[in-house]
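Report on the following structure.
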Amino acid sequence: MTADIESFTTPPSPEDLAADLTPDHGPRWHRLPIVKQLRTSVGLQRGMLITGLAITGMFIILAVFAPLIAPYSWAQLRDANGLFGSQQPPSSAHLLGTTVGGYDVLSRVIWGSRTALLAIVAALVLSLFLGVFLGLLSGYFGGWIDRTLVVVADAIYAFPSLLLAILAAIAISGGQSNLKSGVLAAAVSITVVFVPQYFRVIRSEVVRIKSEAFIESARVIGSSSARIMTRHVLRNSIRTLPLIMTLNCSEAILTLAGLGFLGFGIEPSSAAEWGYDLFKSIEDVTSGIWWTSVFPGLAIVLTVLGITLVGESLNDLADPRLRIRRAAGGKRSKQALDATNSVQTNQPEEAR
Amino acid sequence: MTIANDLAADDAVVPAPAGEPREKKTGSALGRYLVIRALLIIPTVFILVTVVFILMRATGDPITAALGGRLPPDQLKQRIHLAGYDRPILVQYLEYLGNIVRGNFGTTISDHLPVTHVLATYGAATLELAIYALIVAFALGIPLGRIAAARRDRGADAGLRISAVLFYAAPVFFTGLLLKLIFGVWLGWFPTSGRASTRDLILMKTQGANTGIYLIDAISTGKWSVVLDVLSHAVLPAIALGLLTGGVFLRLVRTNMISTLGTGYVEAARSRGVAERRLVRTHAWRPALVPIITVIGLQIALLLGGAVLTETTFEWKGLGFQLVQYINARDFVAVQGMVALLAIIVALTNFIVDVIAALVDPRIRY
Chain B
1 MTADIESFTT PPSPEDLAAD LTPDHGPRWH RLPIVKQLRT SVGLQRGMLI TGLAITGMFI
61 ILAVFAPLIA PYSWAQLRDA NGLFGSQQPP SSAHLLGTTV GGYDVLSRVI WGSRTALLAI
121 VAALVLSLFL GVFLGLLSGY FGGWIDRTLV VVADAIYAFP SLLLAILAAI AISGGQSNLK
181 SGVLAAAVSI TVVFVPQYFR VIRSEVVRIK SEAFIESARV IGSSSARIMT RHVLRNSIRT
241 LPLIMTLNCS EAILTLAGLG FLGFGIEPSS AAEWGYDLFK SIEDVTSGIW WTSVFPGLAI
301 VLTVLGITLV GESLNDLADP RLRIRRAAGG KRSKQALDAT NSVQTNQPEE AR
Chain R
1001 MTIANDLAAD DAVVPAPAGE PREKKTGSAL GRYLVIRALL IIPTVFILVT VVFILMRATG
1061 DPITAALGGR LPPDQLKQRI HLAGYDRPIL VQYLEYLGNI VRGNFGTTIS DHLPVTHVLA
1121 TYGAATLELA IYALIVAFAL GIPLGRIAAA RRDRGADAGL RISAVLFYAA PVFFTGLLLK
1181 LIFGVWLGWF PTSGRASTRD LILMKTQGAN TGIYLIDAIS TGKWSVVLDV LSHAVLPAIA
1241 LGLLTGGVFL RLVRTNMIST LGTGYVEAAR SRGVAERRLV RTHAWRPALV PIITVIGLQI
1301 ALLLGGAVLT ETTFEWKGLG FQLVQYINAR DFVAVQGMVA LLAIIVALTN FIVDVIAALV
1361 DPRIRY
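Which chain is which? The protein sequence lines are B and R, in order. With the first letter of the first sequence counted as 1, position 29 gets the number 29 in the working numbering; the numbers rise by one all the way through. If you count the second sequence from 1, you need to add 1000 to reach the working numbering.
Given below as C-alpha cells:
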C-alpha cells in the first residue's frame, strides 16, 4: 500500500498531464471520476474495476437497507419461538447459525456493514478536511509552518497505525463504547493515521502547482491568497484524491475491525461490529465451530477486496506506465497476446 | 524518509565553496546524509512521545481509568495525589520527557513492573515471530512478484495480483483464525496456540540457553523433538503474519520490475539480443529490489501492528499479547510506556533501514 502512496506523490509525467488536458467530448457525467475510468479502461483492468464496483455497491446496499434485509435485529436473542440458543449450527431459522452470545450470525453480519459504512464516512470526512486544509496551508505558505508540519506528519506516518489507533480509542472513549463513540473512536483513530498521508499528497501537488505560470498571473492581477488557494491551487491539486480515498476506506474497515478484535469493540447491544464478533469467536474456532468466525471474516475480506479493487484499478489507470491501452484498430491481435515477449511489445510505447 | 530527503535536497542547492576539489564533495555526501538522518531521529522521537502523552492524558489520569468505580472517591484522590497526577499537566509532561531521556518508561499499575522490564521479557517472542513472518514474506512475495511481472497482464499475473489483494484485504486475525480452523482443528497438522508445548517448555527452561528466542533455546537443548515442537508452533502464526507483508512485497516487486523492464539500459540489452528470460533474471531484477529495502522500514510498523493481532489470535505470548492484557486491565500507564517505547524502536529501525538503503543505492545520497 505504502508503495502506491509514494507513487502518487511523484510528479506526473508530461504525457500523463497531456492525457488529462485533452478535451473529453460527451456529456458532463462522463468526466466524473469513476465513470470516466470505467469508460476508458479495457481488459483485465476493466474487469477488476467492475468487480470492485459491484462488491462495493452490494456493501452499500446492505448497509443502507439493513433493517429490510436482516432477518433479526443485531441484539435480538429471542423470537416468538423462544431463545435462539448459543452456538447453533446453520439451519433454516438461522441461515448462518448463532454466536456464542446467542445472536443470529446473518443479522449481525448485515448490520455490521452499516457500522462499517458509518466509520468509513466519518473517517473520510474528518481526514479529508484536515489533511487537505493542512496540506494546502503548508504547501502554499511554506516557511517554518511547512517544515514543522512535514516533520510532524513524517513522524506520525512512521508510527504503527494500529498502536496509534489504540491510543486514540482510549483517548476518546476510555475503551468502552456504544455505537456513536465506538464509530467516532475508530474514525478519529483512522483520521490520525491518514491525515499525514493526505497532507503529503496535497502538499507536494500544491508545491508543484504554486510555481506554475497561471498562479503567477493570478497574483499579478491582484487575486488574494485565499482566492488563489481555493480557486486555482485546490482545484488542481485534488486529482489524486480518489485513489488515496479508496485506500483510506479499506484501511478504515480494517482498523475498526482490528480495534474490535482487541477488545475496543462496540458493545454487542449497541451495534453489530465484525471485529468484535471475530474476537468472540476465537474460542469457538478451537472447538471446531466455524460459522461464528468465517462469516464476519468473509464480510470484512469481501468489503475490503471490493474497495481495494476499485482503488487498484484507479491507480493503474492513472499511471501511464501501468495502464493498458486500447490498441489502435480495436482489439489487440491474438498474436500479440500469445507472443512470449508481450512485455517487450507493449513496454516501449507505454513507458516512453 | 522524506524529511531527510527534503533537507538533504535543500542542502544540495547551496553551492559548494569555490576552489574545493570536486572529489571531496562527492565523497562526503554519504557522511552528510547519515549525519542529517541521524539528527532527525531526535525530533521524530520527541514528536512521537508527545503524541502518545497528549492522547493518553487527553481524557484524564490513568488511576481513575484503572480503579475508578472500584475505590471510594477519597481513596482514589489519595492515590492520584501519591502518583502525582494532580499536578499541572505541563509539569507532568516535563517529568515524563525527563524520565524517557533516562530510559524510564513508567511502572505498570496492575503488576508493578517497569515497562522496560516487560519489553525485555516479551520482546524476544515478538522478535522471533517478526523474523519468521519476514522470512515467509520474502519467500512468497519476491519470487511471485517476479513471476507476475514477467507474465504481465496474463493469467498468472491476474491470479497473483488478486491473491495479493486478498492477502491484504484479509485482516491478519481472520487469516489466523482460518489457518487455525483448517490446519489446526480440522486437519490437526499444527498446534493452534502458544509457542511450545508445556513439556518442552520445561525442558527448555531447565536445559536450554534461556534466551527467550525459543528456536535458539530448543537447539541448545540438543533434542530434535523440542526443535520440531517449537517450529510447528510457529508455522501458523508466521504464515498469517507473513502473508500480509508478502502481499505488499509482491505488488512492489511487480510494479518495480515492470518499470525497470522499460528503462533504457534494459532496452539496450534487449536490442543486443539478450534473451527475455535473462533480462528478467539479471538486468531488471536487482534494481527492482532497491525500493523494497526502503519500504521495509515502513513495513516494520505494519508488521508490529500485525504482530499485536497475530499474537492475540494465537496466544503467542509476546509484546502484542501483553499489550492487549494491559488494555483489558485498563492499565494505561503500561500501554503508554509500551507504545512510546515501540515508537522509538520503530524510529530507530527506520534509521537503520535508511542507512542500508543509502549504502545500496547511491541515488539516495544526493
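For glycine and all other residues, C-beta sits at the position ideal for the given N, C-alpha and C. The structure presented is a predicted model; accordingly, all values stated were derived computationally and were not measured.
When C-alpha distances from phenylalanine 199(B) are compared across Arg108(B), Ser138(B) and Phe261(B), the shortest belongs to Ser138(B). Glycine 275(B): member of the alpha helix (DSSP H) spanning 274-280, first to last residue.
Annotation: valine 1091(R) to valine 1051(R) spans about 16 Å, alpha carbon to alpha carbon. The Cβ of glycine 288(B) sits closer than 8 Å to at least one Cβ of chain R.
Under the Cβ criterion of 8 Å, threonine 308(B) is counted among the residues facing chain R.
Counting only Cβ-Cβ distances below 7 Å, lysine 1317(R) has no contacts in chain B at all, with the closest Cβ about 15 Å away. The Cβ-Cβ distance between leucine 1309(R) and valine 1115(R) does not fall below 8 Å. Look at the region 214-246 of chain B: it has no residue with a C-beta under 8 Å from a C-beta of chain R.
Runs of the alpha helix (DSSP H) lying entirely within the region 108-184 of chain B, each at least 4 residues long, are 143-157 and 161-173 in chain order. At a beta-carbon threshold of 9 Å, none of the residues of chain R lie near leucine 118(B); the nearest stands roughly 19 Å away. Identification of chain R residues near phenylalanine 199(B) by a Cβ-Cβ cut-off of 9 Å yields none; the smallest Cβ-Cβ distance measures about 11 Å. Between proline 160(B) and alanine 1130(R), the CB-CB gap reaches or exceeds 8 Å. Identification of chain R residues near valine 100(B) by a Cβ-Cβ cut-off of 7 Å yields none; the smallest Cβ-Cβ distance measures about 14 Å.
Under a criterion of Cβ atoms nearer than 7 Å, the residues of chain B adjacent to phenylalanine 1174(R) are, in order, Leu278, Gly297, Ile300 and Val301. Short of 6 Å from the beta carbon of glutamate 1311(R), and not among the five residues preceding or following it, lie these beta carbons of its own chain, in chain order: Gly1318, Gly1320 and Phe1321.
Under the 8 Å Cβ criterion, the region 282-299 of chain B counts as touching the region 1173-1181 of chain R, having at least three qualifying pairs.
Straight across, the Cα-Cα distance linking alanine 186(B) with leucine 38(B) is about 32 Å. Take the alpha-carbon of leucine 1166(R) and the one of lysine 1077(R): they are about 51 Å apart. Residues Phe1105 and Gly1106 of the same chain have their beta carbon placed closer than 8 Å to that of asparagine 1099(R), with the five preceding and five following residues left out of the count.
Linking alanine 1156(R) to glycine 43(B) through their CA atoms gives a straight-line distance of about 15 Å. In the displayed model, proline 67(B) falls within a helix according to three-state DSSP. Judged by DSSP in its simplified three-state form, proline 1114(R) adopts strand. Short of 6 Å from the beta carbon of serine 113(B), and not among the five residues preceding or following it, lie these beta carbons of its own chain, in chain order: Phe59, Leu62 and Ala63. Under the three-state reduction of DSSP output, leucine 1071(R) falls in the strand class.
When the Cα atoms are used, alanine 272(B) and alanine 1288(R) turn out to be separated by approximately 44 Å. When 8 Å is used as the limit between beta carbons, alanine 123(B) is near no residue of chain R, the shortest such separation being about 16 Å. Within the DSSP bridge table, the entry for aspartate 104(B) names Thr98(B) as partners. For the region 1187-1216 of chain R, the beta-carbon criterion of a distance under 9 Å to any beta-carbon of chain B is satisfied by Thr1192 and Ser1193. The distance from the Cβ of isoleucine 1292(R) to that of valine 1253(R) is about 7 Å, consistent with a contact at the 8 Å cut-off. In this structure, the alpha-carbon of alanine 1240(R) lies about 35 Å from that of proline 1043(R). With fewer than 16 other CB atoms across the displayed protein chains lying within 10 angstroms of its CB, glutamine 1075(R) is exposed. With its beta carbon at least 8 Å from every one in chain R, alanine 272(B) lies outside the interface. Shown here, threonine 1108(R) sits in coil according to DSSP, grouped into three states, outside any helix or strand. Interface flag for aspartate 1074(R) against chain B is unset, since no Cβ pair is found closer than 8 Å. Under a criterion of Cβ atoms nearer than 8 Å, no residue of chain R is adjacent to phenylalanine 133(B); the nearest Cβ is some 19 Å distant. Each residue's CA atom was taken as its position, placing leucine 1181(R) and phenylalanine 65(B) some 32 Å apart.
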